[in-house]
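Report on the structure given below.
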Amino acid sequence: MSWGEPKGAQWVAADEFEAMERRAQAAEADWENAVQEADRLRAEVERLAVERIHYRDAIDQVLHELGVPGPEYPAPVVNAVTILEDALR
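Position 11 of the sequence shown, counted from 1, bears residue number 30 in the working numbering, the numbering being contiguous throughout.
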């Protein structure tokens with residue numbers, strides 16, 4: 020057994036030191052992967068937020084076109100307005 024780096028007041032065998040180095044490198048790789056995944060998720064959240072704005076705008080436009088349902092409106096149109104208004108809440 021050869022002796023490697025000091026660990027506090029003790030010396031650690033070279034093979035144990037190498038194992039610690041491998042674990043540290045694996046932890047760094049895991050960290051990098053986690054950072055990349057967090058970046059990917061942030062970008063996805065941003066994309067979905069923009070998409071949501073487009074859908075809300077489209078629903079607003081449809082509601083504006085339909086107007087406020089009155090007694091002469093057919094039931095399916097009244098139901099569609101209700102569904103769209105609920106979707107905006």
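Every residue, glycine too, gets a C-beta built ideally from N, C-alpha and C.
So, under 8 Å CB-CB, P88 and V96 are touching, yes? Tell me the CB distance rounded to an integer number of Å.
6 Å
Measure the CB-CB distance between A106 and I78 and report whether it falls below 8 Å.
yes
Note down the Cα distance separating D76 from E104, rounded to an integer number of angstroms.
12 Å
Own chain residues within Cβ distance below 7 Å of I102, not counting five before or after
none
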